[in-house]
Structures are given as C-alpha cells and as structure tokens.
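Chains as they are written, first to last, in the working numbering: chain A, 1 to 337; chain B, 1 to 337. Working notes, structure below.
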DNA sequence: ATTAGCACTCTCAGCCTAAGAGTGCTAATG
DNA sequence: CATTAGCACTCTTAGGCTGAGAGTGCTAAT
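Rendered as structure tokens:
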C-alpha cells in the first residue's frame, strides 16, 4: 500500500510527464504546493521507484512513469473523467451534420477522436455476427457479364462481377433475382445451401456466388480498419529517431496491429487500455492502445480506438473513446432498429 | 547545345546520384571509363553547373543534379525504357489472380507500383465523365427508413439512407423502383430533373434523392485517392530530418496533393512527370510526381502515379506507371465494353 | 584541348570542457 | 521518527576546437 502522499506525488509526476514529455524532478513536484520540501519528495520518489511505479532514464535525471505507474494511475488515481457536456454536444452535432451512412460515421468518428486526443485513431466498420441475406439484385453489364449485388440484413452492400456461362438478358436476370429473393431472403449461407430447389445452370451459378459471398463475409472477422491522424505521431518527441517511426508506420499500413488486438477487444465490454509492454507486438512497447467495442449486442459490432505513446492523455482518451463508442452504438441501433 | 561528352557526364552523374543519394565527384565519374582525366571532367562539370544542370551543396562537395538536370535526363538521356517482358507478365498475372472488381484493381495497382518503384503510390478510382443512371433499388429498413441504391452506368454503386415522409412498405418501394427504372434508366441528372411526370409525395422525395446523388457524383471531380507504400518514404535518407516528414505525411493524409495535381493530369494524355520545384505546393520542392491518366476516352478516367524524392528512379517509375495505366485501361474496357 | 599538381575550402567526426540539472546521502532539527 | 538543509557526486548537453578527408578550381605544362 502506498501512503496518500506517495499516491499524490505519483499522480503529479504522471500528469506532469504526460504534459511535457520530460522527466520530472523532485523540485517540480515540490512547487505544486505539497507543503513538504523537495528532499522529502526525493525520498518518496525513491520508494516509488523501488515499487516499480517510476523509473529513471539516468542517474541525474528526474523520474518518468513506468507501465505499472500508468496502470495504477488509470485504475486508482485518474478518477472517472467524463467528457464535458460541451464536447458531448459538439460531437453529437457533427454526427447529425453528416449523411446517415455507416461508412461516413466511422470516418467521422476517427477524425473526431484523432483530433481530440492528438493521436492516431483507428475504427473498423461494424460487422454482423451472422450475415443474412436481405435482398439480391442482378444487373446485366454485357451478354456474359453481370453485376451481383447483395444487400445484407444490416443494410450493408457486397458486390461481385460474374462471368456467366450462358448469355443472359436483363429480364432473365431480374426474374432470377426475384426467385432468389422470395426463396432466400432472411437466410444465412448454410440455410441457403441446404435448399432442395431445382435450378437452371445460370441460376445454379448465381446462387453459388451468393453463398460464397455470404461465407466470405462470415470468415473475414472484420473489415480493413480505417485510420486517421497519422500526422500526429510525427509531432511526438519520442519519435524524433525515425527508425522506430518506420516500424510504426509499417505496422499501421499493413494493419497487423488490429489483427492481433481485435479478437480481445471484441469479446470484452467497455473501454480497454493496453499500456506499453502489455501489448503483444514488441514494436508496441512504447505505445498505448485505448480501444472499445461498439455496436448492438448479438447483432453487429466494430471497434474504435486510439493509439499513441505511453504518455498519451489517458484522462482525455478514455472518456472520448467511451463516448464515441456509445454514440456509434446508438446510431447503429437507430438505423437497424 | 551540350557536347556529347558533357551529355554523357551528366547522365553518369544522374544515374550515380539516383543510386547512392550522395553528391558525385569528378573522380567517381572518371572511374566510369571515359578515357579522360578527372580534371577534364571537372571543367565540364563546371560548365554543366553554369548551364544549370547541376548544383553544388557546398564548395568542396561533388555535384548533384538540379531539376533542370533531371528534366533533360528524362527528355533526352534516359531513352524510352520499357518494362521487361518478365515484369509485364508478372503484373498481368497478378491482375488475373484478383476478383474482377474495380476497387480491387486500383488497390492492386497501387501495391505493385509502390513495391516496384519503392515509393508511395497513389491511385484514384475511375470516374465517369457523365454519370448516368442504370438501375435503382429500394430496400425497406424500417417503416420510415429506406436504403436507396443507385447503380450507375459503369457498374458503380452509390447508396443513401432515406428518412421517408410517409410510412412505406417494401412492396410499395419495389413498385416505385420499377417506375423509376423504366422511366429514367440511361439518363443523367439534368435529363431526369426535366421530366413532367406525376409523382406521389414519396415518389417525389425519392426521385429528388436520385437526382441529388447523381449531381454529387458529377460535382465531385474524383474519388478519394488510395495510397500505398508510405513506409518507403521513411527509408529515404533525405527524410531523416523529420519535420519535413511531418509535412509530407500530412500532405498525403489530407489528400491536398491530388487536388492540385489531378486537374492537369486528367486533361493530358501519357505519363506526366513533375519534378521538384515544378510542383505547385512548396512542400513538394523535394519531390517528383510521375503520374498518368487511365480509363476509356470520353467515358471514364482515373489517375495512377508514384511520388518520391526528386532522385526517384525515373527509368523504372515512368515505364511502370505507363504499363500499369495501360493495363488498367484494358481491364476497364473489357468490363464496360 | 587535356592534364598533373597543388593550394584552398568546407564538412565531419571526435574530443574536450564548462554549465546545469538532479540525485542520494548525511547530519541536524522539532 | 519524519523532515529538511546542505553538499558532493553523476550524468547530459551544448559549444568550441582540431585534424583528417574529400573535392574543387586554378595554373602551368604538354
């Protein structure tokens, strides 16, 4: 257990370090009006270091928080900050300014998050747990070429260009589409494939494509994430050495990061925080990820989060991610009922 | 006019500088087997500098090519390099491996270009000159909510969620869609808006949305470009100082670059090269852009290009951009007839 | 026209130093 | 016993200096 003063000192150091990025000296803490001298604080800081909450870049520098320090800060010291009502209002306003489309929303959410936290934001499109066919449309492009459009239950589109085995007119395609719609609307891929209807060659081919598209939607666990605010990362002093930078940019471009993170995020509720070395990827040792699931339980879900150096403003990032994930969830349930 | 030897010296210097990124000394050139001494070459280099083809970082360094030097190299010295047949085959093969969809193609083209030239590739989706309605689909989401799907002439989709003024069933929506399709298929926005048909309130509202969507497609001169290979830029030695880097990344993220470049690209044929200071944006002083239009003349067009430091491998970048733009054009005309 | 030779210029890495920041320890204090 | 003033010690950093090296431009000779 830490004494109250040590807790206080720790929180001052973390707040200060998050603000400046520079190691914090005992003098700096003393000037915050604790009523004790810098020597006393030095003793406390020494113990905080022994307990693993702080570390020293070198003997004659101040202290910086360790991963454990941040973790304690988030758990006990930070308090549960809420977004100001002004911010909440501003965000809601922006969402209502935008066309009512899921993709627009995700892009807007990323833009807001990245600009409010001054770091890289990352958002995936919401994905249904079990894709079901709502409607099929077939459009003739050429004699042997047709565009197959799948509308899924949650108003998501999939499209695919088909090379037909037999020449087919638009009328024929429309008839086929009607047949498929009346027979399969509301079903998932396995339900469709266990039908016992009689099909022509062309119909057979199209139904097969429908099933394939639905299956590919099932298998791919989430869409390519959308990323915004890469520029912020360049202003962080911790990345003035640019070989680290290269690794990070590559991480983002190849989206490996999300692949390792999303499985965890999608199974748990609430805002999750991964600090520095708690991340799997070793390139992520110097980063923290603050991320949350959003969506409608049991129906669709996506993830929204922000990534920055470990000294990211947790007390701003956490409530912002929380609020944005709530707003996205609300909007989705309005749209899908 | 330059003597033949001076031309040769210039081309050696440019090739060498593109390869190493280091100023090229008279000694280095002499060792390339010209049969004259370094002193002679120094004299020539001096003149080349006076004519503006070369410049010197400082008195006791070698020479580096100026923008004018690169320009001359591309125009006269480089020869018209073609992509090797092996490369051509490899590229075509990759395109046939991929699903027949325009978006896939653009992503693949960007990936190939960026990895072959080791720089940032940028591709826009092809955009029709005059969007025409091919087909409309209406899907009921809730009583007062419908998804409007526009299929444009070139098999491009646009979607929009409508809040209906009157409660409407799927049957009613389908009837409306049929009415719109038979009346307006093949027309552009202004032709649709000058109709004199009688509409119900709901029909009126939907037709208005269709017109709006078509118009927004007309006005927006091109889609958000797709970017690949950002990571390459970090390995360029000229960006070890990272304040320049920040400006560049920002340029890419906000896509301002394309906004200033595309109008020129889309009006001219063939591969275009913008070297350093020839670019409008001053951040681009240190960059060259090699870019080309692709598409079907008079119907659809997009752009594909690559961006790198002025010492980019022009003799690889130019033929690669050229070949990729041809392949994309071919694929599109196969798809659209 | 070409070239050997050489003085001159500029950069760069390495080394040193002094200033400054911050600590940890010791001894004194209420 | 917790606190604190005082101070020696450590480490970083910016600045100045230096010598080596690279490359040039000029001159005089061929």
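Just so it is clear, CB atoms sit at the ideal spot from N, CA and C, and this is done for glycine as well.
| Item | Value |
| --- | --- |
| Cβ pair count under 8 Å reaching 3, the stretch 91-99 of chain B against the stretch 304-315 of chain B | no |
| Proximity to residue 104(A) [Cα-Cα], best of 125(A), 88(A) and 119(A) | 125(A) |
| Whole beta strand (DSSP E) elements within the stretch 131-217 of chain B, 3-residue minimum | 133-142, 145-152 and 157-163 |
| Inter-residue CB distance, residue 143(A) and residue 205(A) (contact presumed, cutoff 8 Å) | That belief does not hold up - the Cβ atoms of residue 143(A) and residue 205(A) are roughly 15 Å apart, past 8 Å. |
| is_contact[residue 15(A), chain B] using C-beta, thresh 8 Å | no |
| Whether residue 5(A) touches residue 44(A) by CB criterion (8 Å) | yes |
| For residue 39(A), three-class secondary structure by DSSP | helix |
| 8 Å Cβ cut-off: residues of chain B touching residue 246(A) | 231, 234 and 235 |
| Residues that residue 160(B) contacts on chain A, provided the C-beta gap is smaller than 9 Å | 99, 100 and 101 |
| Interface positions of the stretch 121-139 of chain A facing chain B (Cβ-Cβ less than 9 Å), listed along the chain | 134, 135, 137 and 139 |
| Collapsed DSSP secondary structure at residue 323(A) in the structure displayed | helix |
| Near-chain A residues of the stretch 44-65 of chain B - C-beta to any C-beta below 8 Å | none |
| Continuous beta strand (DSSP E) stretch holding residue 308(A): start and end | 300-309 |
| Any 3 or more C-beta pairs closer than 8 Å across the stretch 276-283 of chain B and the stretch 30-39 of chain B | no |
| Local Cβ density within 10 Å of residue 123(A), reported as buried at 16 or more and exposed below that | buried |
| Neighbour flag for residue 141(B) against chain A, beta carbons, 8 Å | yes |
| Simplified DSSP state of residue 291(B), which is helix, strand or coil | strand |
| Proximal residues, the stretch 253-277 of chain B versus chain A, C-beta separation under 7 Å | 253 |
| Through-space distance from residue 300(B) to residue 219(B), alpha-carbon basis | 15 Å |
| Of the residues 249(A), 23(A), 94(A) and 294(A), the one placed nearest residue 287(A), counting alpha carbons only | 249(A) |
| Backbone CA spacing between residue 80(A) and residue 295(A) [nearest angstrom] | 23 Å |
| Closest by C-alpha distance to residue 133(B), when choosing among 167(B), 148(B) and 326(B) | 148(B) |
| At least 3 beta-carbon pairs within less than 8 Å: the stretch 220-230 of chain A vs the stretch 196-205 of chain A | no |
| Sub-8 Å separation of residue 304(B) and residue 289(B) beta-carbons | no |
| Residue 255(B) (DSSP reduced to helix, strand or coil) | coil |
| Proximal residues, the stretch 155-185 of chain B versus chain A, C-beta separation under 8 Å | 155, 157, 159, 160, 161 and 163 |
| Proximal residues of chain A, C-beta to C-beta of residue 335(B) below 9 Å | 141, 142, 145 and 161 |
| Residue-level contact to chain A via CB, residue 151(B), 8 Å cutoff | yes |
| Where residue 65(B) falls: helix, strand or coil (DSSP) | strand |
| Span of the alpha helix (DSSP H) around residue 98(A) | From DSSP, residue 98(A) is part of no alpha helix (DSSP H); its letter is neither H nor E. |
| CB contact check: residue 204(A) to chain B, cutoff 8 Å | no |
| Chain A contacts from the stretch 312-331 of chain B (Cβ-Cβ distance under 7 Å) | none |
| Nearest-angstrom Cα separation, counted from residue 56(A) out to residue 8(A) | 19 Å |
| Buried or exposed (CB count within 10 angstroms, at least 16 for buried), residue 256(B) | exposed |
| Rounded C-alpha distance that separates residue 331(A) from residue 153(A) | 16 Å |
| Chain A contact for residue 283(B) (CB, 8 Å cutoff) | no |
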